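Written out below as structure tokens is the structure these notes cover.
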Amino acid sequence: MPYCNRCDRYFNSYYALNQHKRDSSFHWICDDCGIDFSTSAGRKEHYVQSPRHDYCQRCDELFDDEEELEDHYDEVHHWCRHCHMFFKNQYGLQEHYRQSPSHYYCSPCDRHFLSASNLRSHVNSSIHQPRNYTCPFKGCGYAFVSQSALTQHLEAGTCSSGVNRNTVNRIVRKYDTTNIITDPSRMITIGDAYQERKLIATGAAWNGEAYECYLCHSTYRTLSALNQHLSSPRHEDKMYICPLNTCRSRFSCLSSLVQHIESEYCGVSKFKSVQNAMDNIIGQMKRITF
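Residue numbers (the UniProt record's numbering): 1 to 290.
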């Protein structure tokens, strides 16, 4: 006859015994593992400790898999997946994101970023910054959030004035007379004139399979793509230099140097002479008409 050791009772059938175990406060059965616990607390501890179970202690609820449990945490318990921490409300979770060095979080936008540099780029973008730098050339009128963005606009040749990277280089060469941000040894000059160096590929660049750059051996499917590569700053002399003696990083275009200064990577932005040089160049551009 079926017998319950824990309760010292006999039953007429195994069905009755199993029904007893399910209904009795002395039996707490884990159906998945087939284990009978004597207390509710014992079964809960089993749910918590066993890797077979995805269990929410706060709700005393089992889930089908870990992903379903984590979705439940997100929706109900204001859970930080990265830190495995719970918060009383959404405000507490967002405050954690804002203060924790483990998160790159924009509080006004409620957005996460993969790195500090990505967050910094976002914060410095037009989403959060005013467009205080207006293109100095007539007929354009575009405004930008930084000097580097303005300089990229000019170098790209998209300005309606017709200014391009070579124009910018000539202006800088003319007005950076004390070579605060330029290295005269890297600039091709005849007398006082800055000489533009233009690289052009011909059909001779075809190597049998693709058009090949003879300087870096990059390959391109079309001749125009190769010439576009040659007209980029990739192979230009690095005429721009960080003025800080402990840095002296070199750049082939002004916008890269300005980005370097704006990033505060080496601290050169703190020097008044550097800012004056940049303001002077931008100021001189305003006096030029095309």
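Ideal Cβ placement from N, Cα and C applies to all residues, glycine included.
The structure displayed is predicted, hence computed values, not measured ones.
Comparing alpha-carbon positions, the option among R6, Y91, E61 and P51 lying closest to D36 turns out to be R6. Across the structure, C33 and E61 are spaced so that their CA atoms are roughly 16 Å apart.
For the UniProt domain "C2H2-type" (104-133), the continuous alpha helix (DSSP H) assignments of 4+ residues that do not extend past its boundaries occur at 116-123, in sequence order.
When DSSP states are grouped into helix, strand and coil, I261 belongs to the helix group. For L93, no beta strand (DSSP E) encloses it; the enclosing alpha helix (DSSP H) starts and ends at Q90 to Q99. Shown here, M278 sits in a helix according to DSSP, grouped into three states. Each of F87, A156 and N207 was checked against the Cα of C253, and the nearest Cα belongs to A156.
Bridge pairing for R248: absent [DSSP]. CA-CA distance, D8 to E70, rounds to 42 Å.
Contact between I171 and I281 holds, with the beta-carbon distance rounding to 7 Å and staying under 8 Å.
Going by beta carbons, I180 and S100 fall outside the 8 Å limit. For A143, the three-state secondary structure derived from DSSP is strand. For E68, the enclosing alpha helix (DSSP H) covers residues E66 to V76. When only Cα atoms are considered, T39 and Y10 end up about 21 Å apart. Under the Cβ criterion (8 Å, minimum of three pairs), the region 198-211 counts as touching the region 219-233.
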